[in-house]
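Protein chains in written order, with this note's numbering: chain A, 46 to 488; chain B, 53 to 180. For every residue, glycine included, the Cβ atom is placed at its ideal position computed from N, Cα and C. Quick caveat, the model's predicted, so the values are computed rather than measured. These notes are about the structure you will find just below.
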């Protein structure tokens, strides 16, 4: 199933895009209207987003304008829209006139390339800011750095005091002078070693900082490429992991490969407990509803949510697009499977109102809610917080929350209990939200 | 008998330099390099003033200072703390715990002697 956007938003894009495409082809309005067998005045209404269109007319217009129909009808990706909003709010503090955020759709319709570029730049800025924050954090809390600095300062203190004595005490006897010379030599050697070690430490940090793509991002990217489904592991279990891992050439370092191996091991364990043949057939019969399918997973809701997010797309079962997010007890996002129109930030936190975080406060209680996003799109979310790993007497369990997302169709009935959420305070336009953290990153 | 100072410092070359300086200034200097047994050594030697490094093997100088201030016998013992430059949290904590003064490494020899004498004679809290 294809997730859809708010009809008003989509229509506003469609008319604008038709107009911009026609102008780009230097085609007169009357010519285009004639080509698709409608009146010029009707086309004018369409282009000014005053008439909804669909079906055959969209196909005819796309053919006449020599573009894929989706180019005219697809709305802007919510993540891109959020990025543009964030860029506008960020730069509003630095430049003169504020950006026309109420015309983002129009901007995207007229200049899709530039819009994408701004979005990518904003993403890059966010990634760089996160990298800087990470480096600052390392400098503040790095035990190796703290130890190295203490070593250097202690050595310098010894050298300073000793050399001062040697310079200011001309009548120093030979025994003391010899001892202090020896001490100076020792401390100079020690300082040399400390400084070299410190430099090596910084070089290591620098090399990591230059690789702005974190292991987590690399792993998510290769999973995304695979559609979050690995037939070899479904068929061969753990034994197939090396083969799958070997194909993941985008993993740039050992950390990323280790992380990918851990995720694949969990995938294999999940597949063994809830085989694809069982879950796919059963899910297709009940429209992939986790609530109905829960007994199939023996009540392990997190397992079920992960398995639904790993179903193969494009088959006869018409598996819907699912998004997935997991976080630890601190709320740090551990893994995400992206879904269009629902942006899950990599850096910083998501929306505190997401069921993902709500579940952390109610361990072992499966939760579900309809989520209203600021752009009008709606999602059904299922979430649960469960311990991971084996239980132990006297040891605290390690908890992990999992949230599965599925877009609701535009014509789905209204949900009175729907929760108004956002993509996280840093990107969210809901200024009056009670859960908002003091204006967000740009506030 | 001269004034007695106990220098709790695990860096032997710093200890030797300071020890030389303070001896020249008329102090009777003792040294100890282990944080874990420093309190026992302080009780045994009963110094007139204590120079105490923050980062020590076995136990932090800050923890030692905290215990000194709790014990009636040592609650008024003048203490000069040595901290590494940039570790302002240690410095602030040392003063809050009752250190009479602090010096940040690397310090000058004259600073060390002047500050120790000021602390020994009941001078105000100070530091660099």
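Check, Outcome
"Test: residue 257 of chain A CB closer than 8 Å to a CB of chain B", "Because the pLDDT of residue 257 of chain A is 48, which lies under 50, any placement of that residue in the model is unreliable, and the number read from its coordinates should be weighed accordingly. Taking Cβ atoms only, chain B never reaches closer than 8 Å to residue 257 of chain A, which makes this a no."
"Inter-stretch contact at 8 Å, needing at least 3 Cβ pairs: the segment 280-292 of chain A / the segment 328-336 of chain A", "no"
"Residues that residue 102 of chain B bridges to, as DSSP identifies them", "B/58 and B/131"
"Candidates A/103, A/147 and A/479, of which the one nearest residue 397 of chain A by Cα", "A/479"
"Beta-bridge pairing of residue 446 of chain A - partner residues as DSSP gives them", "A/372 and A/430"
"Length at least 4, wholly inside the segment 90-171 of chain A: the alpha helix (DSSP H) runs in chain order", "100-109, 114-118, 123-136 and 149-155"
"Proximal residues to residue 161 of chain A (C-beta, below 8 Å), its chain only, five neighbours per side dropped", "125"
"Residues from the segment 219-244 of chain A in contact with chain B, defined by Cβ distance under 8 Å", "221, 224, 225, 228, 231 and 232"
"Residue environment, residue 199 of chain A, which counts as buried when at least 16 other CB atoms sit within 10 Å", "buried"
"Touching by the beta-carbon criterion (3+ pairs, under 8 Å), the segment 115-125 of chain B and the segment 72-83 of chain B", "no"
"Where the segment 102-130 of chain B meets chain A: residues whose CB sits under 7 Å from a CB there", "107"
"is_contact[residue 195 of chain A, chain B] using C-beta, thresh 8 Å", "yes"
"Within chain A, the residues that residue 63 of chain B reaches when beta carbons sit closer than 7 Å", "199 and 203"
"6 Å CB neighbourhood of residue 65 of chain A in its chain, flanking five on each side removed", "154 and 155"
"Burial state of residue 399 of chain A, where buried means 16 or more other Cβ atoms lie within 10 Å", "buried"
"Contact belief for residue 68 of chain B with residue 85 of chain B at Cβ below 8 Å, rounded distance in angstroms", "At roughly 12 Å, the Cβ-Cβ gap does not stay under 8 Å, so residue 68 of chain B and residue 85 of chain B are not in contact."
"Presumed contact (8 Å Cβ cut-off) between residue 298 of chain A and residue 340 of chain A, rounded CB distance", "That pair is no contact at about 42 Å."
"Alpha-carbon to alpha-carbon, residue 158 of chain A and residue 143 of chain B", "55 Å"
"For residue 283 of chain A and residue 264 of chain A, the rounded distance between their alpha carbons", "18 Å"
"Alpha-carbon to alpha-carbon, residue 280 of chain A and residue 453 of chain A", "32 Å"
"Contact with chain B by residue 210 of chain A, beta-carbon distance below 8 Å", "yes"
"Where residue 66 of chain B meets chain A, residues with beta-carbon distance less than 8 Å", "199, 202, 203 and 206"
"Expected contact under 8 Å - CB spacing of residue 132 of chain B and residue 168 of chain B to nearest Å", "6 Å"
"Contact belief for residue 465 of chain A with residue 475 of chain A at Cβ below 8 Å, rounded distance in angstroms", "7 Å"
"Residues bridged to residue 362 of chain A (per DSSP)", "Per DSSP, none; premise fails for residue 362 of chain A."
"Contact with chain A by residue 161 of chain B, beta-carbon distance below 8 Å", "yes"
"Counted within 10 angstroms of its Cβ, other Cβ atoms place residue 46 of chain A as buried (16 or more) or exposed", "Caution applies to residue 46 of chain A, whose pLDDT of 37 falls short of 50 and renders its modelled position unreliable; the model cannot decide the point."
"Exposed unless 16 or more other CB atoms sit within 10 angstroms - verdict on residue 104 of chain A", "exposed"
"Assigned secondary structure, residue 274 of chain A (DSSP; H/G/I helix, E/B strand, else coil)", "coil"
"Test item: CB-CB of residue 232 of chain A and residue 204 of chain A under 8 Å", "yes"
"Endpoints, alpha helix (DSSP H) assigned at residue 327 of chain A", "321-330"
"Whole-angstrom distance between residue 78 of chain A and residue 365 of chain A, CA atom to CA atom", "36 Å"
"Pairwise C-alpha distance: residue 152 of chain A and residue 116 of chain A", "15 Å"
"Nearest-angstrom Cβ-Cβ length linking residue 411 of chain A and residue 346 of chain A, presumed shorter than 8 Å", "4 Å"
"Beta-carbon spacing of residue 470 of chain A, residue 419 of chain A below 8 Å", "no"
"When B/159, B/129, B/83 and B/66 are compared against residue 59 of chain B, the one with the closest alpha-carbon", "B/83"
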